[in-house]
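Participant: If you scroll down you'll find the structure; I have some questions about it.
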Amino acid sequence: MTIDPAHGCGFPGHNLNPSAPSTEYTSWTNLSDLNRSRLLVRGYTSFNYTSFDLKALSDKNELLVAMLSDLPSMGGDGAAAMAPLKAG
46 MTIDPAHGCG FPGHNLNPSA PSTEYTSWTN LSDLNRSRLL VRGYTSFNYT
96 SFDLKALSDK NELLVAMLSD LPSMGGDGAA AMAPLKAG
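Just so we're on the same page, the working numbering is the position in the sequence shown counted from 1, plus 45.
Laid out in structure tokens, this is it:
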């Protein structure tokens, strides 16, 4: 966990003590399985992890992105959530 300075870019209302720095957090969790070349991501509102096959992605000739909001809430294969990155 990291903290922002007391007068920095913290999130107002997320700290119990107004004189202390705010905490920041992520809205996802990720796991890496390097032996099986998998990246697993779980959004804050998801029930399970979505898996991405890193070997299959490395064979692509374009940059692909997936929005956290597009990941299936029950997890599974994340390939369908991937879309080409649009320039500009």
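Virtual Cβ for every residue (Gly too), placed ideally from N, Cα, C. Remember, it's a predicted structure, so these values are computed and weren't measured experimentally.
Less than 6 angstroms between C-beta atoms, sequence neighbours within five positions excluded: which residues of the same chain meet that for H115?
Facilitator: Checking the sequence, you will find Asp at residue 115 rather than His. Taken in chain order, the residues that qualify are A126.
Participant: So R83 and S64 are supposed to be a Cβ contact under 8 angstroms. How far apart are they, rounded?
Facilitator: R83 to S64, Cβ: 44 angstroms. No contact.
Participant: Note down the Cα distance separating S72 from N93, rounded to an integer number of angstroms.
Facilitator: 14 angstroms
Participant: Counting only the same chain and skipping the five closest in sequence on each side, list residues whose C-beta sits under 7 angstroms from that of L99.
Facilitator: S82, R83 and L84
Participant: Residues in the same chain with beta-carbon distance under 7 angstroms from D104, minus the five sequence neighbours each way, listed in chain order, please.
Facilitator: none
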